[in-house]
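In our numbering, the protein residues as written are 914 to 1059.
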């Protein structure tokens, strides 16, 4: 068995359940079974940002744990390549289905780009990485209109 870190897998699972909950609320709203502005309420917007932040944080942490000593290019290309392909497919499908409301840059796009940026950050010391993480979380929560 591989060396998985249980708490990261649990956090990833909680993030996925939260994302499913958010998208279920979106679907209810989209099909007219919930208030038309449900997910645009402040609590739901915060929930959405926490979910996105958790995905980005977990992806970055996993990148750091896996590649901090030596970059395993085969693993990196496989993992982030699959994420990038899924991001492009989601954009294509949503373009076909929704045209102007297509997903242009969603969480999978962000994870793919962040993985490339993350390679550049691997050589930063731990204190710098923690500070950068706190700043990113704070920025994401404070600037809701970006």
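By construction, the Cβ of each residue, glycine as well, lies at the ideal position given by its N, Cα and C atoms.
Practice prompt. Could you tell me whether the region 1016 to 1023 touches the region 960 to 978, where touching means 3 or more Cβ pairs closer than 8 Å?
Written response: Cβ pair count under 8 Å is three or more, so yes.
Worksheet item: Exposed or buried, what is residue 1055 when buried is set at 16 or more other beta-carbons lying within 10 Å of its beta-carbon?
Response: The residue is exposed, with fewer than 16 neighbouring Cβ atoms inside 10 Å.
Discussion item. Taking the straight line between their C-alpha atoms, what separation do you get for residue 1049 and residue 1009?
Written reply: In a straight line, the C-alpha of residue 1049 is about 33 Å away from that of residue 1009.
Item to complete: Name the two residues that bound the continuous alpha helix (DSSP H) containing residue 965.
Response: 955 to 980 is the span of the alpha helix (DSSP H), which, as asked, contains residue 965.
Fill in: Length at least 4, wholly inside the region 997 to 1021: the alpha helix (DSSP H) runs in chain order
Taking only runs of at least 4 residues, no alpha helix (DSSP H) segment lies wholly in the region 997 to 1021.
Worksheet item: Apart from the five residues just before and just after residue 976, which ones in its own chain have a Cβ nearer than 7 Å to its Cβ?
Response: In its chain, beyond the 5 residues on either side, 1028 and 1031 have a beta carbon closer than 7 Å to the beta carbon of residue 976.
Worksheet entry | C-beta contact flag for residue 1025 and residue 1051 at 8 Å | It is not a contact, given that the beta carbons lie outside the stated cut-off.
Item to complete: Leaving out five residues on either side along the sequence, give the residues of the same chain with a beta carbon under 8 Å from the beta carbon of residue 924.
Response: If we look at residue 924 and ignore the five residues flanking it on each side, its Cβ neighbours are 967 and 971.
Discussion item. Using C-beta distances below 8 Å, list every residue in its chain close to residue 1003, excluding the 5 sequence neighbours before and after it, in chain order.
Written reply: Sequence-distant partners of residue 1003 (beyond 5 residues in either direction) whose C-beta falls short of 8 Å from its own C-beta, in its chain, are 1016, 1019 and 1021.
Worksheet item: In whole angstroms, what separates the C-alpha of residue 979 from that of residue 1043?
Response: For the pair residue 979 and residue 1043, the Cα-to-Cα distance works out to about 17 Å.
Item to complete: Name the two residues that bound the continuous alpha helix (DSSP H) containing residue 922.
Response: Residue 922 -> alpha helix (DSSP H) spans 919 to 943.
Worksheet item: In angstroms, rounded to a whole number, what distance separates the CA positions of residue 985 and residue 993?
Response: The alpha-carbon atoms of residue 985 and residue 993 are separated by roughly 12 Å.
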